[in-house]
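Notes for the one structure printed next.
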Amino acid sequence: NSEMKIYYQKRVEKGKSKMSTLNIIRNKLIARIFAVIQRQTPYVDTLRFVA
Numbered sequence: 001n002s003e004m005k006i007y008y009q010k011r012v013e014k015g016k017s018k019m020s021t022l023n024i025i026r027n028k029l030i031a032r033i034f035a036v037i038q039r040q041t042p043y044v045d046t047l048r049f050v051a
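For the sequence shown, position 9 (counting from the first letter as 1) is numbered 9 according to the UniProt record's numbering, and the numbering increases by one without interruption.
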């Protein structure tokens, strides 16, 4: 996911730990997965719709 890649790169550039950044990304992905399952709808990448 390009959004997560950009997020990772920005946090690491700010000097944040790589492992803590990966944990944050993992939690974001888990939250999205559960939302898709709970809503029973396909995932929509909203980054594509940003102007």
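We put the CB at the ideal spot given by N, CA and C, even for glycine. Source: prediction; values computed, not measured.
Rounded to the nearest whole angstrom, the CA to CA distance from Leu22 to Thr41 is 26 Å. Each residue's CA atom was taken as its position, placing Tyr7 and Asp45 some 15 Å apart. Counting along the chain, Lys5 sits inside the alpha helix (DSSP H) bounded by residues 2-13.
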